[in-house]
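Undergrad: Taking the working numbering, the leading residue of the sequence shown gets 5, the next gets one more, and so forth. For glycine and all other residues, C-beta sits at the position ideal for the given N, C-alpha and C. All figures in this text were calculated on a predicted structure; none of them were measured in a lab.
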Amino acid sequence: MKLSPRSYAILWDAHAWAGVLSSLVLFVTFFLGAFALFAEELSPWQEPTFRAPIAVSEAEAVRLAQQVADAEAASKPAWFGISLPTDEEPWLRLWRVSPEGTIKPTWVDPVSGRQLGERSDLGEFLNAMHFLEPLPGGKHVTGVASAVLVLLIGTGLLLQLGRMVREFIQFRPGASRRVLWSDAHKVIGVVTAPFLLVFALTGGILWLDDWLEPAVVKTSMAGDAKAREHAVDWPSPPAPSGKAAGAPDLARALALAKERFPRSEHHWFFFDHLGDENGTVHLPGESEGTLHAFTHVRVSREGALVWARETGGGSAYTRVMDPLFGLHFATWAGFPAKVLYALLSFVCAFGILAGNLLWLERRRAKAPGRFDRVLAKLTSGGCAGLAFAVAAVFTANQLLPGTLADRPRWEHAAFLAAWAVGVGSAFLDRSAARHARRLLFVSGAVLVVVPLLDAVRTGRLPFASGSSFVLATEVGLVALGLLCAGAALVIRRLQRPTPSTSPAAVEPDEPAPVPT
């Protein structure tokens, strides 16, 4: 097979322009994806009081949850939730819907029963930022970028037809910067192609599902809500009767869920129309080590099983979508597999960055235009600034008072402000490379210091908290800090004059047909 010059040129342009236009969003999703994998495991780090083991039995926790539900029933909330203690979060968590429609959690000490208000949501926030959800329209932007990534993988592999094996092992760090970034981009692209494709497809399909579902219901299903419920195997809870009643019996509801799905872990109670005679409680269950991870049980106020859903669901739709969800969110993965996922995420982020740097080096050899100068600034401030923002939010988590009102909002503001400073200051510095180097040095230093701050605050030796979750977080922060500092040193070295190279070691400026 041989690509014609025109076909090769079209593929080249499609790959280059699609990559450049989506690169910064994709960098964010993969860089923060490493943190999103450990959203639950970060809980003991973000809240030092969670580092103790679970202090009460399950029966005692359910009894306390029953008291909370009985008290909450008087206000008749349309929706309310309670989470039982887990190894990561050994307190009860209450979930309430604010007047603005957002869900706000508060915490309850399982021993004293005292409600302690909001606490840090560091892990959940980084997980949300992985999808850009806190930004207006961010979720749709990442969905489009996921679809574009499928195009990038396809065009990239087609461009490598016939020379993939050779370029898979070809890396010339002593050549020009253009050759260096070209080799890095190709090697990383080939190595991580399966990993990239899994997340591109699952991320894009999950986004399209959210976007297309209302249109499908309105057209193909003629707006029939019951048809939709049957298709997605998710029936609506009974409508409220308007008659006041107490909360469901949580001990009985939990027993029914365990009897129906003995292999699932059940930590959640989510109430629909609590305080109404037709109120129900929903108990999701989760099984580790499988793509079909979730079960569901809904129990009436009288203690009858209203609805149950097996892993994988009961429709063609759920049998397709559930494993896609499991693949994207790594529900099958244990801690070692998550660490491997995180490393691959960082490698993919660097591969995306290498593609941008290759573009800039090629354009620098000619006459860079305004677009190229803006891209250089955005790459410097957006990518290095993201590391700076991560360092800032971990620092804010350490320094903000634990009882501060709206503490999660302050942490979010620290992240977004640091990222904005990183991007904005890039346009004030004449050298994008120098700006990135400074941000990475500062970020690396801060990330290494953060575990020391925690040790001082909690009166212990570093790396001796007694919690495996905290130890893993400390090791990860120090490793990321050293990686940032190392990247800054590499940038400094690369800013030296590039060595002369033979014509064979220089990548061509224009695409050429590739024999295959």
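Given Pro507, which residues of its chain have a CB within under 6 Å of its CB, disregarding the five upstream and five downstream residues?
TA: Bear in mind that the predicted position of Pro507 carries a pLDDT of just 43, short of 50, making it too unreliable to give a figure here.
Undergrad: Considering only C-alpha positions, which residue in the set Val454, Arg305 and Thr322 is nearest to Pro241?
TA: Arg305
Undergrad: Identify, in the order they occur along the chain, each residue of the same chain with its Cβ nearer than 7 Å to the Cβ of Gly317, setting aside the five sequence neighbours on each side.
TA: Excluding positions up to five away in sequence, the list reads Asp237, Arg323 and Asp326.
Undergrad: Using 9 Å as the limit for Cβ to Cβ distance, is Pro288 near chain C?
TA: Among the protein chains of the structure shown there is no chain C, as only one such chain exists.
Undergrad: Decide if Asp17 is buried, meaning its Cβ has at least 16 other Cβ atoms within 10 Å, or exposed.
TA: exposed
Undergrad: State buried or exposed for Lys190, treating a residue as buried only when at least 16 other CB atoms are found within 10 Å of its CB.
TA: buried
Undergrad: When you measure from the CB of Trp336 to every non-hydrogen atom of the ligand GTP, does any distance come out below 8 Å?
TA: Judged by which ligands are present, the structure shown has none, so any question about the ligand GTP falls away.
Undergrad: Going by the CB atoms, is the gap between Leu46 and Thr477 shorter than 9 Å?
TA: Judged by their CB atoms, Thr477 and Leu46 are nearer to each other than the 9 Å cut-off.
Undergrad: According to DSSP, Pro521 sits in a beta bridge with which residue or residues?
TA: Missing from the structure shown is residue 521; the chain here goes from 5 to 520 and no further.
Undergrad: Per DSSP, what kind of secondary structure is Gly85 in: helix, strand or coil?
TA: strand
Undergrad: Label Ile107 either buried or exposed according to how many other C-beta atoms from any shown protein chain fall within 10 Å of its C-beta, with 16 as the threshold for buried.
TA: exposed
Undergrad: Would you call the CB atoms of Leu457 and Thr407 closer than 9 Å?
TA: no
Undergrad: Secondary structure at Phe31, three-state DSSP: helix, strand or coil?
TA: helix
Undergrad: If you follow the alpha helix (DSSP H) that Arg377 is part of, which residue opens it and which one closes it?
TA: Arg374 to Thr383
Undergrad: Around the C-beta of Pro198, are 16 or more other C-beta atoms found within 10 angstroms, so that it is buried, or is it exposed?
TA: Exposed.
Undergrad: Since Asn360 and Ser27 are thought to touch, with beta carbons under 8 Å apart, how far apart are those beta carbons, to the nearest angstrom?
TA: 5 Å
Undergrad: Figure out for me which residue from Pro455, Trp272, Gly330 and Arg441 has the closest Cα to the Cα of Gly85.
TA: Trp272
Undergrad: Along the chain, where does the beta strand (DSSP E) containing Gln402 start, and where does it finish?
TA: Run containing Gln402: none in the beta strand (DSSP E); it sits in the alpha helix (DSSP H), Gly389 to Leu403.
Undergrad: Report the rounded CA-to-CA distance for Pro466 versus Lys143, giving the unit in angstroms.
TA: 38 Å
Undergrad: In the DSSP output, which residue or residues are listed as bridge partners for Ser304?
TA: Thr284
Undergrad: Residues bridged to Trp311 by DSSP?
TA: Arg302
Undergrad: Below 8 Å on the Cβ atoms is my guess for Ala38 versus Ser349; work out the distance and round it to an integer in Å.
TA: 4 Å
Undergrad: Would you report the Cα separation of Gly121 and Glu93, rounded to the nearest angstrom?
TA: 15 Å
Undergrad: If Gly279 and Lys80 are in contact, beta carbons under 8 Å, what's the gap, nearest whole angstrom?
TA: 4 Å
Undergrad: When you compare only the Cα positions, how much space is there between Phe333 and Phe42?
TA: Phe333 and Phe42 have their C-alpha atoms some 10 Å from each other.
Undergrad: Residues in the same chain with beta-carbon distance under 7 Å from Leu126, minus the five sequence neighbours each way, listed in chain order, please.
TA: Cβ within range, chain order: Leu46, Gln50, Val397, Asn401 and Glu415.
Undergrad: Which word fits Phe339, buried or exposed, when buried means at least 16 other C-beta atoms lie within 10 angstroms of its C-beta?
TA: exposed
Undergrad: Rounding to the nearest angstrom, what Cα-Cα distance links Ser8 and Gly160 in this structure?
TA: 16 Å
Undergrad: Report buried or exposed for Arg222, applying the criterion of at least 16 other Cβ atoms within 10 angstroms of its Cβ.
TA: Checking the sequence, you will find Lys at residue 222 rather than Arg. Exposed.
Undergrad: Kindly indicate the opening and closing residues of the alpha helix (DSSP H) around Asp214.
TA: Arg181 to Thr223
Undergrad: Got a sec? Which residues, its chain only, sit under 6 Å from His296 by beta carbon, not counting five neighbours each side?
TA: Thr315, Gly316 and Asp326
Undergrad: Please list the terminal residues of the continuous alpha helix (DSSP H) segment that includes Gly250.
TA: Run containing Gly250: none; DSSP gives neither H nor E here.
Undergrad: According to DSSP, is Leu155 helix, strand or coil?
TA: helix
Undergrad: Assuming the contact rule is C-beta atoms closer than 8 Å, Gly485 and Leu451 should be a hit. Round their C-beta distance to whole Å, please.
TA: About 3 Å separates the CB atoms of Gly485 and Leu451; that is less than 8 Å, so the two are in contact.
Undergrad: DSSP three-state label for Leu68, please.
TA: Correct three-state label for Leu68: helix.
Undergrad: Cβ of Ala421 within 9 Å of Cβ of Thr383?
TA: No.
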